[in-house]
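K.L.:
Encoded as structure tokens, here's the structure I'll be asking about.
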Amino acid sequence: MKRFWPDSLSGRLVLILVTGLLAAQVLTSSIWYEVRHGQVLEIPTRLLATRLADLILLDRRDPQQALALIRALQADDFRLLERPPSTPALDKADRNREALLREVVEQRTGAAPRLRLLSLEVLDQDGHPASLPVLFGTGPASGRFLVELQLPSGPLLYLLATEEQGWTNTPPLSLLLDYLTRIYLLRIIVVVLIALLAVRLVRRPQQRMTGAAEALGQDIHRPALPVEGPREVRQAAQAFNAMQRRLIDSIAERTRFFAAVSHDLRTPITRLRLRAELLADEATRQRFRDDLQRMEEMVSASLDFLRSGELQDAREQVDIDALLQGLQADFHDLGAEVAIQGSARPLVAHASGLHRCLQNLLENAVRHAGGLIEIQLEDSAEYVRIGIADRGPGIDNALLERVMEPFYREDEARGEGTGGYGLGLSIARQIASAHGGSLTLQPREGGGLLALLDLPRRS
Numbered sequence: 000m001k002r003f004w005p006d007s008l009s010g011r012l013v014l015i016l017v018t019g020l021l022a023a024q025v026l027t028s029s030i031w032y033e034v035r036h037g038q039v040l041e042i043p044t045r046l047l048a049t050r051l052a053d054l055i056l057l058d059r060r061d062p063q064q065a066l067a068l069i070r071a072l073q074a075d076d077f078r079l080l081e082r083p084p085s086t087p088a089l090d091k092a093d094r095n096r097e098a099l100l101r102e103v104v105e106q107r108t109g110a111a112p113r114l115r116l117l118s119l120e121v122l123d124q125d126g127h128p129a130s131l132p133v134l135f136g137t138g139p140a141s142g143r144f145l146v147e148l149q150l151p152s153g154p155l156l157y158l159l160a161t162e163e164q165g166w167t168n169t170p171p172l173s174l175l176l177d178y179l180t181r182i183y184l185l186r187i188i189v190v191v192l193i194a195l196l197a198v199r200l201v202r203r204p205q206q207r208m209t210g211a212a213e214a215l216g217q218d219i220h221r222p223a224l225p226v227e228g229p230r231e232v233r234q235a236a237q238a239f240n241a242m243q244r245r246l247i248d249s250i251a252e253r254t255r256f257f258a259a260v261s262h263d264l265r266t267p268i269t270r271l272r273l274r275a276e277l278l279a280d281e282a283t284r285q286r287f288r289d290d291l292q293r294m295e296e297m298v299s300a301s302l303d304f305l306r307s308g309e310l311q312d313a314r315e316q317v318d319i320d321a322l323l324q325g326l327q328a329d330f331h332d333l334g335a336e337v338a339i340q341g342s343a344r345p346l347v348a349h350a351s352g353l354h355r356c357l358q359n360l361l362e363n364a365v366r367h368a369g370g371l372i373e374i375q376l377e378d379s380a381e382y383v384r385i386g387i388a389d390r391g392p393g394i395d396n397a398l399l400e401r402v403m404e405p406f407y408r409e410d411e412a413r414g415e416g417t418g419g420y421g422l423g424l425s426i427a428r429q430i431a432s433a434h435g436g437s438l439t440l441q442p443r444e445g446g447g448l449l450a451l452l453d454l455p456r457r458s
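Residue numbers (numbering that gives the first Met the number 0): 0 to 458.
See below:
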């Protein structure tokens, strides 16, 4: 059973609506069958009523002649029975035909007739009970009536009469088109439109929540979801907003903790630095200084990593070309050679975060490769791609993802001892993620490494 149950919410809603539509059409078809059954019998009923009215009028003028005429008319389509056969009770539709008989006879005779409809059948041209093709008008149909009639003069008669539709028989194609148009086509169009509207309304809160969840991964401080709509949607929005608040509090608490640790470590580090200055041996004193400096840098780098996912400054239009040219000048002052290829239009971004991300990527390339570092720009309507390419030793394909993990040092991957704490690429990737973008590493054709920073454009 699960094989036929759609996986998506839209698919399930459509399946439910289509199933309901089919059930409704089956019910509608049964109602149409009943209505069509009545339409086929309406003209035969009126024709029989005219015959019975003429018979009643004749009985009023000359009862003997009327009775003699009835006995003489022993034809297949109108004959007198000695006694009526046993018949089932009439259904609602046949009761309506009986009422029509009475109405027409009363209109023509001026008095309410004493008659009962005992049975009624729709027959095809061979005298067999009618099937759907006959009701669709593909063959002649007739009605066979068993009537109990008491004449004004007193005799009680049982008459078996068969009446045809006559000139009112509708062409088959017209009936079929009428059936398909009124019963199916119009209803299907209306139901499909309602179904599309219903699915759209039902999925709107779910789509809004999906978008909010995706945006939360890019900006933890995004506005809370509006608590509106049906009760279940309001409850889900409240739970989502509560989760967002807990995440914000958790990240803030973690950052405060490391900031406090960093602050508290400064006092013992300073004390150790003072004590190191009292050491007599210069070599030992310098080693102490270096170790303490690395400790301070590691604590500071760890704190920077924790803060890199939270970009507090507001988004603004950032001139990508000017930003890269500024970084190019900074690294040129440090003796590095950086070339820029291409240009890009301004991008809505966190200026300080984007600057830090690009700076880390350039520092990584300069530290491990040296030589000419190329910045390759690719601009489109959907995104801006910034490539940082070097001609260094590169990184093994199996380690391209791992080197962006926190505290994984690239010198292990590149086979070098270049220092660092393994956080530069991790910070860059977190900043890219906070912008809704991505950072990937891949081998450069001809040797070296290519870091690709993809940043989506925002309206």
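Just so it is clear, CB atoms sit at the ideal spot from N, CA and C, and this is done for glycine as well.
Given 8 Å as the limit, is there contact between the segment 113 to 120 and the segment 142 to 149, that is, 3 or more CB pairs closer than that?
P.N.:
yes
K.L.:
Starting from V103, trace the alpha helix (DSSP H) both ways and give me its first and last residue.
P.N.:
91 to 108
K.L.:
Taking only the alpha-carbon atoms, compute the straight-line gap between R113 and L79 and give it to the nearest angstrom.
P.N.:
17 Å
K.L.:
Specify, as a first and last residue, the run of the beta strand (DSSP E) that I219 falls within.
P.N.:
Where I219 is concerned, there is no enclosing beta strand (DSSP E), given that its DSSP letter is neither H nor E.
K.L.:
Secondary structure at G391, three-state DSSP: helix, strand or coil?
P.N.:
In this structure, G391 counts as coil in the three-state DSSP scheme.
K.L.:
Per the contact definition of three or more C-beta pairs closer than 8 Å, is the segment 381 to 398 in contact with the segment 439 to 450?
P.N.:
Counting C-beta pairs closer than 8 Å gives three or more between the segment 439 to 450 and the segment 381 to 398, which meets the contact rule.
K.L.:
Around the C-beta of H367, are 16 or more other C-beta atoms found within 10 angstroms, so that it is buried, or is it exposed?
P.N.:
buried
K.L.:
Any idea what DSSP makes of L333, helix, strand or coil?
P.N.:
It is coil, neither helix nor strand.
K.L.:
Taking C-beta to C-beta, are S342 and I319 nearer than 9 Å?
P.N.:
In this structure, I319 lies closer than 9 Å to S342 by Cβ.
K.L.:
For L20, collect the residues of the same chain with a Cβ closer than 6 Å to its Cβ; drop the 5 residues on either side in sequence, then sort them by chain order.
P.N.:
V190
K.L.:
Which of helix, strand or coil does DSSP assign to L371?
P.N.:
strand
K.L.:
Would you check if there are 3 or more beta carbon pairs closer than 8 Å linking the segment 333 to 341 to the segment 371 to 379?
P.N.:
yes
K.L.:
Assign G418 to buried or exposed, taking buried as 16 or more other Cβ atoms, counted over all protein chains shown, within 10 Å of its Cβ.
P.N.:
Unreliable positioning characterises G418 in this predicted model, as indicated by a pLDDT of 49, which lies under 50. The coordinate reading is nonetheless provided below. Exposed.
K.L.:
Helix, strand or coil for P405? Go by DSSP, reduced to three states.
P.N.:
P405 falls in the coil class under three-state DSSP.
K.L.:
Quick check: the Cα distance between Q206 and V17, rounded to an integer number of angstroms?
P.N.:
Here the alpha carbon of Q206 sits roughly 23 Å from the alpha carbon of V17.
K.L.:
Alpha helix (DSSP H) containing A71: first to last residue?
P.N.:
A71 -> alpha helix (DSSP H) spans 62 to 71.
K.L.:
Let me know if E81 comes out buried or exposed under the rule of 16 or more other beta-carbons within 10 Å of its beta-carbon.
P.N.:
exposed
K.L.:
For E276 and A259, what's the separation of their Cα atoms in angstroms?
P.N.:
27 Å
K.L.:
So, is L440 buried or exposed, given that buried needs 16 or more other C-beta atoms within 10 angstroms?
P.N.:
By the 10 Å Cβ count, L440 comes out buried.
K.L.:
Keeping to the same chain, check which residues put their C-beta closer than 8 Å to that of A212; ignore five residues upstream and five downstream.
P.N.:
F239
K.L.:
With a cut-off of 8 Å on the beta carbons, I'd call R50 and A140 a contact; round off their distance for me.
P.N.:
About 19 Å; that fails the 8 Å criterion.
K.L.:
Do you know how far the Cα of L99 is from the Cα of T44?
P.N.:
For T44 and L99, the gap between their C-alpha atoms comes out near 7 Å.
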